[in-house]
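Chemist: The opening position of the sequence shown corresponds to residue 136 in the numbering used here, with each subsequent residue numbered one higher. Ideal Cβ positions, reconstructed from N, Cα and C, are used throughout, including at glycine. These numbers come from a predicted model, not from an experiment.
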Amino acid sequence: MRDVSIATLDGWVAYMGDKPLPVLARTVRELAVLREKENSVSARSIAQVVLHDPLMTLRVLAFIESRNRHSQHHDITTIERALMMIGITPFFNHFDGLPTLEDHLHGHPQALLGVMRVIARARRATSWAREWAIMRHDMDVDEITVATLLHDVAEVLCWVFAPKLSLDLRDLLRANPGMRTAAAQKAVFNVTAHELQLALVRAWKLPSLLVELMDDSRAATPRTRNVSLAVNLARHSAKGWDDPALPDDFAAIEALLRVSHETLLGRLGLPMDGSPPPTPPQPDEPQQP
Numbered sequence: 136m137r138d139v140s141i142a143t144l145d146g147w148v149a150y151m152g153d154k155p156l157p158v159l160a161r162t163v164r165e166l167a168v169l170r171e172k173e174n175s176v177s178a179r180s181i182a183q184v185v186l187h188d189p190l191m192t193l194r195v196l197a198f199i200e201s202r203n204r205h206s207q208h209h210d211i212t213t214i215e216r217a218l219m220m221i222g223i224t225p226f227f228n229h230f231d232g233l234p235t236l237e238d239h240l241h242g243h244p245q246a247l248l249g250v251m252r253v254i255a256r257a258r259r260a261t262s263w264a265r266e267w268a269i270m271r272h273d274m275d276v277d278e279i280t281v282a283t284l285l286h287d288v289a290e291v292l293c294w295v296f297a298p299k300l301s302l303d304l305r306d307l308l309r310a311n312p313g314m315r316t317a318a319a320q321k322a323v324f325n326v327t328a329h330e331l332q333l334a335l336v337r338a339w340k341l342p343s344l345l346v347e348l349m350d351d352s353r354a355a356t357p358r359t360r361n362v363s364l365a366v367n368l369a370r371h372s373a374k375g376w377d378d379p380a381l382p383d384d385f386a387a388i389e390a391l392l393r394v395s396h397e398t399l400l401g402r403l404g405l406p407m408d409g410s411p412p413p414t415p416p417q418p419d420e421p422q423q424p
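1. Does Asp306 have its Cβ less than 8 Å from a Cβ in chain B?
2. Alpha carbon to alpha carbon, how far is Glu420 from Thr162?
3. Note down, in chain order, each residue of its chain lying with its Cβ closer than 8 Å to the Cβ of Ile211, except the 5 sequence neighbours on either side.
4. Whole angstroms are fine: how far does the CA of His286 sit from the CA of Met349?
5. Give me, in chain order, the residues of the same chain whose beta-carbon lies closer than 8 Å to that of His371; leave out the 5 immediate sequence neighbours on both sides.
6. Is Val394 helix, strand or coil when you go by DSSP?
7. Please identify the residue among Gly146, Phe230 and Lys154 whose C-alpha is closest to the C-alpha of Arg170.
8. Under a Cβ-count criterion, where at least 16 other Cβ atoms within 10 Å of its own Cβ denotes burial, should Asp188 be classed as buried or exposed?
9. Thinking C-alpha only, which one of Val295, Ser177, Arg337 and Glu290 is nearest Thr235?
10. Can you tell which of Ser352, Glu215 and Gly313 has the C-alpha that lies nearest to the C-alpha of Val276?
11. Take Arg194 and list the residues in its own chain whose beta-carbon comes closer than 6 Å to its own, dropping the five residues that flank it on each side.
12. Between Arg358 and the rest of its own chain, which residues show a CB-CB distance below 7 Å, the 5 nearest in sequence each way excluded?
13. Kindly provide the ranges of any alpha helix (DSSP H) runs that are 4 or more residues long and lie completely inside the segment 264-340, ordered along the chain.
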């Protein structure tokens, strides 16, 4: 695999949007188990597997959009609804023999570790966002779930399709701790992840509601704040709970949920007695090829 340095946002969108998306090997294994009992399996059971994998989630949403673009009169914004539209057996038939992320990055173990860390971070953010949406009595918790899981999918895709440049970005940020991430992304990729994210989801014609929920510039609405604050908390706490941005995160989350600081810390499983907080779990090191 060779990285291609693409000068423009449109160039990156064309480069990434034209390639088949690999999915986690775990996703392939778990779907194979469910397929063995497809006559009795539910859409919810399949959705739980899909929603563990942002790449598979993106695949399903892009497929339902391409299939129903001319026939449906409303957007499909959750995986369970997408599965009901596709049908259980057609779903298994279409998503059979998928390429895996582990095979795709077999020769790039450090890039595989990098993308696994982003996916693990996305899962933590999704868990928090879902819990907060339930606390807020959100109109559709599953929409919040999908939007949060896919919020950083551009970063995932950079690791998948431009592993060498992604490692360059990682090294640049490590060498310059005070450098803003967006500035480093611009220096390496000539675009920011946020710019690429919005361009990709629009190119794939994902539902406008999900695009709005993933757009931090629209964070004036409680639903979008729910997503962006969960993503920020996962990002800032990724290496530990001593990041200087976390107090501001906590204050914003408390305002959104209308809870006390002590209540929030309790829900996050953080100590309130000043003892060192736990380090967030990290993905296993990928095996060397």
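Modeler: Walking through what the data contain:
1. Judged by its chain identifiers, the structure shown contains no chain B, having just a single protein chain.
2. Any reading at Glu420 must be qualified, since the residue scores a pLDDT of 40, below 50, and its modelled position is unreliable; no value is offered.
3. Leu196, Ile199, Glu200, Asn203, Ala217, Met220 and Pro342
4. 5 Å
5. Asp378, Ala380, Leu381 and Asp384
6. coil
7. Phe230
8. buried
9. Val295
10. Glu215
11. Leu156
12. Asp273, Ile279 and Leu348
13. 276-284, 288-296, 298-310, 316-324 and 328-338
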